[in-house]
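Numbering (the working numbering), first residue to last: 2 to 304.
What follows is the structure, encoded as structure tokens:
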């Protein structure tokens, strides 16, 4: 945690970027992956696999799907909210927040540094724009999202609440307590998105603690269940459109986003020959250089 850090300066804003075409979104997702690789290499610490795997989902959310204003931290009736429950993949969130204008790109240099605003898991005490709660103790984020969605309804506010989770995280009992609560209260304004890559730090989710039948579990807890290719921006947007345009949203919805851990850099993807994966280790300088060559430069430029 940061020990001697002052509140983030309210006037220190980033440049707001808006994207229109699918090609622009794909290029931004590539840049986000470049940011993740460079941040983690500089920090020599952090979580590569999930951050790369969820780049397309985060890019779609912040540049196409969500109603949000990077330069206005106040809440409005139309504003969507996002909670990251699996907080260890925060590098991808930091990149997208900076790229969409919540704070300046130069902050990305400071990931996991002493007294940085960009801690290894989301921290809220310094008021970094876009971060509402500290997270990373797995299983807790959905509970916060349930409270926010219920609060929005009680206050007569529109806008959805998104909660991102990992499939390994869904081995936690608190996820299912929160899921039960969301269905009980009929929170149609709550959308869960699960990184469905079947990998966690100790191996395959199905081997460590099997969560299948996964879709059926969510359905039996009273949720509308959808699935998308979490590494296909067009599919992400299409499935999310189906969720949000449903006329009678009396149930919470969950999207099982099938992703590849480490997506975008082949030697980071999936399970390695020694049965390890890139869940919790950063690239070396040499691996960083190789990864950036594979990803290629974009028109957005590196931080």
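Glycine is no exception: its CB is placed at the ideal position from the N, C-alpha and C atoms.
- The beta carbons of residue 219 and residue 226 sit about 5 Å from each other, so the pair counts as a contact at 8 Å.
- Fewer than three beta-carbon pairs drawn from the region 45–58 and the region 9–20 are found closer than 8 Å, and the two stretches are therefore not classed as touching.
- Each residue's CA atom was taken as its position, placing residue 160 and residue 31 some 28 Å apart.
- The alpha-carbon separation between residue 37 and residue 68 amounts to approximately 24 Å.
- Runs of the beta strand (DSSP E) spanning 3 or more residues and lying entirely within the region 137–218 occur at 162–167 and 191–197, in chain order.
- For residue 230, the uninterrupted beta strand (DSSP E) run begins and ends at 225–230, by DSSP.
- Fully contained in the region 11–98 are the following alpha helix (DSSP H) runs of length 4 or more, in chain order: 23–44, 50–54 and 56–61.
- Counting only the Cα atoms, residue 252 lies some 34 Å from residue 203.
- Excluding its 5 nearest sequence neighbours in each direction, residue 289 has C-beta neighbours in its own chain below 7 Å: 38, 39 and 42, listed in chain order.
- Residues of the same chain with a CB within less than 8 Å of the CB of residue 216, apart from the 5 flanking positions on each side, are 226, 228 and 257 in chain order.
- Between residue 104 and residue 247, the C-beta gap is not smaller than 8 Å, which leaves the two residues out of contact.
- Residue 87 is classed as buried because its beta carbon has at least 16 other beta carbons within 10 Å across all chains shown.
- One thing to note: residue 95 has its Cβ within 8 Å of the Cβ of residue 109.
- Straight-line spacing of the CA atoms in residue 115 and residue 235 works out to 39 Å.
- Residue 169 and residue 303 have their C-alpha atoms spaced approximately 32 Å apart.
- One thing to note: residue 255 has its Cβ within 8 Å of the Cβ of residue 195.
- Counting C-beta atoms within 10 angstroms of its own C-beta, residue 23 has fewer than 16 neighbours from the protein chains shown and is therefore classed as exposed.
- By the C-beta density criterion, residue 267 is exposed, having fewer than 16 other C-beta atoms within 10 angstroms.
- Residue 201 is positioned such that its CB atom lies no closer than 8 Å to that of residue 89.
- Distances from the alpha-carbon of residue 192 to those of 177, 182 and 165 put 165 closest.
- Ranked by Cα distance from residue 163, the first of 181, 189, 276 and 283 is 189.
- Leaving aside the five residues that flank residue 97 on each side, the residues in its chain whose CB is nearer than 7 Å to its CB run, in chain order, 33, 59, 60 and 63.
- Per DSSP, the unbroken beta strand (DSSP E) holding residue 257 starts and ends at 254–259.
- Here the C-alpha atom of residue 7 lies approximately 9 Å from the C-alpha atom of residue 128.
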